[in-house]
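Reviewing the structure listed below.
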Amino acid sequence: MDKFLTQRFCDRCGGDLESGRIMSMFNTDCICMACKEAEKHDKDYRKAVEADIAEIRKGNYNYEGIRGVETMDKKHITDKIIEQIIIIRDSGVCNMLDAAGVQRAAYDRGLHELVLFIHDHKKEYSSFILTGQR
Ligand SMILES: [Zn+2]
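The sequence shown runs 63 to 196 under my numbering.
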C-alpha cells in the first residue's frame, strides 16, 4: 500500500499521477484518472466491480482483481527482457550465467528492465539462460 501512495507514475500508461491516483478495478495497479476513465468503458468493468464487491463481502479486502493474474505474469520474463538479454549475449562481454556481470553490462547500455529483472528474479533469469524457457 505504501508504494501506492508514493509512486509518481501510473502503472498502466506511465503518466504522471499528479492529478490523482486510484486503484484499478481489474488488478492492483495504481493508475491515473485517465486510465480509470478508460477502464470504466471496458466491457468487463461491471464484472470486475461485481467480483470486487463479492470478495469484500467474503471479507477479502486484498482481492487482486479479475485480471490480477495478468499482473502476476509481468513478473515473468517478457519479450523486451529477452531482447535485452540477446543484446548482452551478442556483445559477448560476459558469461551469461554471471548474473552480476550481465547486470553491469546491461546497466552500462541503459537496459534498465533487464537490470531490474535480474535483481528481482535471479532464479527465473538463470533458468531462462539454462533452459531457454520462460
Ligand atoms: Zn494512466
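Cβ coordinates follow ideal geometry from the N, Cα and C atoms, glycine included. Computed from a predicted structure; not experimentally measured.
- If you keep only unbroken alpha helix (DSSP H) runs of at least 4 residues inside the region 86-110, you get 95-102.
- Within the chosen limit of 7 Å, ligand 1 does not reach the beta carbon of Cys-156 with any heavy atom.
- These are the residues, in chain order, with a beta carbon less than 6 Å from any non-hydrogen atom of ligand 1: Cys-72, Arg-74, Cys-75, Gly-77, Ile-93, Cys-94, Ala-96, Cys-97.
- In terms of Cβ geometry, Gly-121 and Asn-89 do not form a close pair [threshold 8 Å].
- Annotation: His-181 to Thr-193 spans about 19 Å, alpha carbon to alpha carbon.
- Contact check between the region 139-158 and the region 98-111: fewer than three CB pairs, one atom from each, fall below 8 Å, which does not count as touching.
- The residues Ile-150, Val-155, Cys-156, in chain order, have a CB closer than 6 Å to that of Ala-167 in the same chain once the five nearest residues on each side in sequence are set aside.
- According to the DSSP assignment, Ser-81 belongs to no alpha helix (DSSP H), since it is labelled neither H nor E.
- Our two residues, Glu-117 and Cys-75, have alpha carbons roughly 27 Å apart in a direct line.
- For Gly-163, the enclosing alpha helix (DSSP H) has its first and last residue at 161-170.
- For Tyr-187, the enclosing alpha helix (DSSP H) covers residues 184-193.
- Under the criterion of beta carbons closer than 8 Å, Glu-175 and Ile-139 do not qualify as touching, at roughly 10 Å.
- In this structure, Met-85 keeps its C-beta atom at 8 Å or more from the C-beta atom of Phe-71.
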